[in-house]
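Line by line, the protein sequences are chains A and B. Residue 1875, in my numbering, is where the first sequence stops; the numbers in between run on with no holes. Residue 146, in my numbering, is where the second sequence stops; the numbers in between run on with no holes. Virtual Cβ for every residue (Gly too), placed ideally from N, Cα, C. Note sheet for the following structure.
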Amino acid sequence: MTIFKHTAVAAGLAMAAQGAAAQSIDEQINAGFASATGWFVNLIFMPFPGTSFPWIVAWLVVAATVFTIYFGFIQFRAAGHAIALVKGDYSDPDDAGEVSHFQALATALSGTVGLGNIAGVAVAIGIGGPGATFWMILAGLMGMASKFTECTLGVKYRNEFPDGHVSGGPMYYLKKGFAERGLPGGGFLAVMFSIFCILGALGGGNMFQSNQAHQALTGVLGEYPGFWTGIVFAVIVFVVIVGGLKSIASVTEKVVPFMAVIYVGTALIIILMNADMIGWAFGQIFAGAFTGLGVAGGMVGALIQGFKRAAFSNEAGVGSAAIAHSAVRTKEPITEGFVSLLEPFIDTVVICTMTALVIIITQQLMVDEATGLYMLNEAGTAIATVDGNSGVGLTAAAFGSAFSWFPTVLAIAVILFAFSTMISWSYYGLKAWTYLFGEGKGKELTFKIIFCLFVVIGASANLGPVIDFSDAAIFAMAVVNIIGLYFLMPIVKRELNSYMSRLQSGEIKKFTE
Amino acid sequence: MSDKFIVGFDGSDTAQRALDFATSRAKAQGGSVLIAHVLEWSPYSFLTPTEIEERHQRRTEEMARAETAIVNPAKASVEAAGVPVETVLKFGHIAETLCKLAEKEGATQVVIGRNGHSTFGSRVFGSVAGSLVQTSPVPCTIVP
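Here it is as structure tokens:
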């Protein structure tokens, strides 16, 4: 998972970066950057007047709800078919050797599974209580419809070049889709999206990741300058994206799912070891969802945290997955839409919920025995935890309470997830870059070198304002993308109806014997 | 129906011996040879976004290379022996693909060369020859 607000991590992994390492030049850069971009960050994360509910979260959730209703709860109707597609039941054996639906799903997932699932959930529960889990799951389920819409459009309106390579994503469907419907402004939205996407790729998809990887490394190895982490990471990223050294990338791509399996597996073991508490945990989740159980902000506080972290974690509506999926060759654009709707389910409904259950079951949150309500910390901003942990620290403590070796595994996982997220976002940024400046080896190389430089910058400095800005850029992508989705959703509906009728008539059939 | 010999052919020396074996049997029985070249491919491997984008190109290149460097010379050698020959190029798990092909084509026999190794790797993951003899729907000859 890519997006994760700096402030949240600062409390967890990132403590070390502050303090002694703070140089006056860094501070000046930070201050200058903050004053230049603060208005933009504030605009994107502005809460509704009189509340603490950021409008951008409502924007994502309302969109997910609209798509869910418009497509008649497609995430439930099509889930079975999506799984059949991933299993390859509908894949023509003569197309073997092309990218399978499974590979498309795995690649898109490796771009989103990450810190949000580990640290983001801990933040949501730490502030919003167990009830946040309920709203997080709900938002994850709704987000499936957003992914379905954007990924279908991504494939439908991609550019295919004579040499066989493809470029796709929101910028292409905004431009071509709007033109097809005779709507004005598609080109403008496409350019806006591309700019935000490049900024988001360099920030949340890059600097933030290398920063977090460095924090994880110092947690294991002890304190040392982030510059060195940055150099090592930049060199590795360079040989992968510029040198085309597939072996490193393919090792990561193999290890990342493995880490995800270890993570979920360990979570399941902890949950099963405490099987008698599962009922209680779900009781806490449901009770907390509607009463708040005394958390800061009550029920609304739980709801905001749950929605926010789900949106930050699965990127539904942001448009990044549409770029990833549009590279896949498929005869039916809608099949990529079906496959992609599994992503928020796996990312949020499964993995995030596992983290939540482990934190709840291992009783990291302090409960007032007399009232049964959660106790707040001294500042009153979050629930008091056993060791005063929050963010990644809280997740590590929860898993560590069952298996003492787990925090080390978690640190490795954070580094690998950060690396795979960087590789994914370098691709998203590149596609936005070539949309703006045109295809070409030299232009691509320029972006890739810039990308590697930002890896070093991200690891070496404490970049609070920069990270805030890049998070804001990623959500700005969602503003532009979702405007487009509203106008283009009738096209997706047409595709859906056509495909469904052919599926029922037997024109589209299974290839399994 | 004349006898059809499917040869799993990868261009190696043992594969050539397997092909020669099959060609001579086919000639003696008035049968035909089907040269099958299978490119190892799993739909469940993991790829980066860039690899996904380039996959179609790579696949086209891989097929062209296999066609000219491996399949065509083999085909020519069988034709020279005066035996009817067909070729097929597939992606997938080698043993599985050969089995499916044998069923579909109604083959008499599958013939492959063995790679001659008894490595740790093949002990753990199995070899093509090993899984083929276990799963082949028709008699299977392994040529040393």
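- Between VAL112 (chain B) and GLY10 (chain B), the C-beta spacing is below 8 Å.
- Listed by position along chain B, the residues whose Cβ is nearer than 7 Å to that of HIS1527 (chain A) are GLU55, GLU56, GLN59.
- Per DSSP, the beta bridge partners of HIS39 (chain B) are B:LEU91.
- Of all C-beta pairs linking the stretch 1825-1844 of chain A to the stretch 1566-1585 of chain A, three or more are shorter than 8 Å, placing the two stretches in contact.
- Per DSSP, the continuous alpha helix (DSSP H) segment holding GLN1667 (chain A) begins and ends at 1660-1676.
- Linking LEU100 (chain B) to VAL1461 (chain A) through their CA atoms gives a straight-line distance of about 21 Å.
- At least one beta carbon of chain B lies nearer than 8 Å to the beta carbon of TYR1789 (chain A).
- Rounded to whole angstroms, the gap between the alpha carbons of VAL1613 (chain A) and GLU56 (chain B) is 18 Å.
- Rounded to whole angstroms, the Cβ separation of VAL1485 (chain A) and SER1675 (chain A) is 11 Å, and the two are not in contact under 8 Å.
- Using a Cβ-Cβ cut-off of 7 Å, GLY94 (chain B) is close to ALA1458 of chain A, given in chain order.
- Using a Cβ distance threshold of 8 Å, GLY1516 (chain A) and GLY1530 (chain A) count as a contacting pair.
- For the stretch 1707-1792 of chain A, the continuous alpha helix (DSSP H) assignments of 4+ residues that do not extend past its boundaries occur at 1715-1723, 1754-1762, in sequence order.
- Three or more pairs of CB atoms, one per stretch, sit closer than 8 Å, so the stretch 1451-1467 of chain A contacts the stretch 34-50 of chain B.
- Counting C-beta atoms within 10 angstroms of its own C-beta, ALA82 (chain B) has fewer than 16 neighbours from the protein chains shown and is therefore classed as exposed.
- Chain order gives no chain B residues near SER1860 (chain A), where near means a beta carbon separation below 7 Å; the closest approach is about 24 Å.
- Per DSSP, PHE7 (chain B) lies in no alpha helix (DSSP H) segment; the continuous beta strand (DSSP E) that holds it begins and ends at 6-10.
- Scanning chain B for C-beta atoms nearer than 8 Å to the C-beta of ARG1691 (chain A) yields ARG57, HIS58, reported in chain order.
- Taking CB atoms only, PHE1809 (chain A) has no neighbour in chain B less than 8 Å away.
- Taking the Cα positions, PHE1555 (chain A) is about 47 Å away from ALA97 (chain B).
- ILE114 (chain B) is bridged by DSSP to B:GLY10, B:ILE144.
- The beta-carbon of SER26 (chain B) is placed no less than 8 Å from the nearest beta-carbon of chain A.
- Taking a C-beta cut-off of 9 Å against chain A, none of the residues of the stretch 3-22 of chain B qualify.
- Within the same chain, SER1472, GLY1473, GLY1476, THR1614, GLU1615, VAL1618 come within 8 Å of SER1782 (chain A) by CB-CB distance, once the 5 residues on both sides are set aside.
- Contact note: GLN1465 (chain A) reaches chain B through PRO45, TYR46, SER47, PHE48, LEU49, ILE54, using a C-beta cutoff of 8 Å and chain order.
- At least 8 Å separates the CB of VAL1604 (chain A) from every CB of chain B.
- Contacts with chain A at 8 Å (Cβ-Cβ) include LEU41 (chain B).
- Each residue's CA atom was taken as its position, placing LYS1871 (chain A) and PRO1409 (chain A) some 49 Å apart.
- Going by C-alpha positions, PRO1827 (chain A) is about 23 Å away from ALA1672 (chain A).
- Within chain B, the residues whose beta carbon sits less than 7 Å from that of LYS1616 (chain A) are PHE48, listed in sequence order.
- Among the CB atoms of chain B, one or more fall inside 8 Å of the CB of THR1469 (chain A).
- Membership of VAL1701 (chain A) in the alpha helix (DSSP H) is indicated by the continuous run 1695-1702.
- Burial state of PHE1435 (chain A) is exposed, judged by a 10 Å Cβ sphere holding fewer than 16 other Cβ atoms.
- For the stretch 1776-1787 of chain A, the beta-carbon criterion of a distance under 8 Å to any beta-carbon of chain B is satisfied by ILE1785, SER1786.
- Going by DSSP, ARG1691 (chain A) is part of no alpha helix (DSSP H) at all; its letter is neither H nor E.
- Under the Cβ criterion of 8 Å, THR143 (chain B) is not counted among the residues facing chain A.
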